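1 is the number of the first residue of the sequence shown in my numbering; add one for each residue after it.
From the three backbone atoms N, C-alpha and C, an ideal C-beta is built for every residue, glycine too.
These figures come from a predicted structure and were not determined experimentally.
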Amino acid sequence: MKYSDVTAIILCAGSGTRAKLGYNKMFFTLDSGKTVLDTALSAFKDFENIILVINKEDEERFASLNLPLVYGGSSRSESVINALGKVSTPYVLIHDGARPFVTSEIIEDSVKNAKLYGSGVCAVTETNSLKVRENGNTYAVNRDNYYIIQTPQTFDTQKLKHAYSLNTFATDDSEIFEKAGYKVTLSMGDYANKKLTSPSDFAPSSFKIGHGFDVHQLVENRKLILGGIEIPHDKGLLGHSDADALIHAIMDALLSASCKRDIGCLFPDSDNSFKDIDSKVLLKKVMQEIKPYTPVNISAVIMAQKPKMAPHIDKMRATLASIMELNIEDINISATTTEKLGIVGEEKGIACSAVALLCKQV
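So, in structure tokens, the structure goes:
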């Protein structure tokens, strides 16, 4: 999609102080071999109008890009105002250059909402537990009522200019827009669209891959539990726990990648505390066990002659994503039969295989 009626303002005037780099973080080289700046700009290749807000000291390094440059001000709001004066298109998109992992889908949704409703502000739901402090006391709040605001943020240009003429004190453009009485419409965000700010954000990453496999016998008078959900069937899997072969394979993949012993060592069948235990509980324990590594993605295969797995896979993915704090797109589950060969094909058991990619910042 080409954007001829939208100007992208990309804020690049940071100094790298909080990141303790000693230079503008836009010039930091990521694991991909590209700089933060080049990575961020690649998402805006379809824009005819781009304005970079920079520090005067960095002008020579930015000049080679052959893009309009505007000096930043003493605050974020002042920097945006300086750039807004150069915007003549009907819509304007504002993005933090320190969010280099923005995608074309996020940008498209932000622009679409701005054209429909006057604003499109990138946001994601909160996944952590929250508390508010008042008068020296802390109180739990419902995280379902809160959003984490990101960029890009796209607006009707004239409305945003008017909003800034009324107020310049806010943490971002959506707050300025809202204070002027305009409605803020939230658009698609992504947890990967993080802002690179602290030193840990710039630490090199260590990746590891692990493989896990599990098989359980199918028997009568047992529930069939796979991927953390119950699947209707006349037989279930036999085991000391709930015998969730899929979660067991995933746990062994996670432990393998982090060079830890397998689930048979962590949760032995000689320990009655694990008798008939929900494997989702065990997965949560494994997530703690593999720290400081965190999962990047999971790829798993269910091998079963019956029942059909396809109707249940998305629910499995959602269940696992919630426990592992991953996007559902980062968990893939496929299913296959063994063409009636072996214990799986003879409906004597179900087998599962999983591969896990883990990441640790070092």
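Check: What residue from 7, 360, 41, 12 has the CA that sits closest to residue 367's CA?; Outcome: The structure shown does not extend to residue 367, since the chain is modelled only from 1 through 362, so no value can be given for it.
Check: Can you tell me the Cα-Cα spacing of residue 8 and residue 103, whole angstroms?; Outcome: 14 Å
Check: Taking a contact to mean a Cβ-Cβ separation below 9 Å, would you say residue 47 touches residue 114 in this structure?; Outcome: no
Check: Going by DSSP, what residue range makes up the alpha helix (DSSP H) through residue 122?; Outcome: No alpha helix (DSSP H) holds residue 122; the beta strand (DSSP E) holding it covers 119 to 125.
Check: Just list the residues that DSSP pairs residue 216 with in beta bridges.; Outcome: 350
Check: For residue 56, which residues from the same chain have a beta carbon less than 6 Å from its beta carbon, with the 5 sequence-adjacent residues on both sides left out?; Outcome: 71
Check: By the three-class DSSP mapping on this structure, what secondary structure does residue 87 have?; Outcome: coil
Check: Once you ignore the five residues that flank residue 170 on each side, which residues in its own chain have a CB closer than 6 Å to its CB?; Outcome: 176
Check: Is the beta carbon of residue 237 closer than 9 Å to that of residue 245?; Outcome: yes
Check: Classify residue 218: buried if its beta carbon has 16 or more other beta carbons within 10 angstroms, exposed otherwise.; Outcome: buried
Check: Grouping DSSP H, G and I as helix and E and B as strand, with all else coil, what is residue 150?; Outcome: strand
Check: Let's see if you can read the secondary structure: which residues bound the beta strand (DSSP E) around residue 131?; Outcome: 130 to 134
Check: Curious, which full-length alpha helix (DSSP H) runs of at least 4 residues does the region 250 to 285 contain?; Outcome: 263 to 266
Check: Under a three-way DSSP split, which group does residue 309 fall into?; Outcome: coil
Check: What is the C-beta distance between residue 81 and residue 52, in whole angstroms, given that I count them as a contact (C-beta under 8 Å)?; Outcome: No, residue 81 and residue 52 are not in contact; Cβ-Cβ is about 15 Å, not under 8 Å.
Check: Less than 9 Å separating the beta-carbons of residue 300 and residue 333?; Outcome: yes
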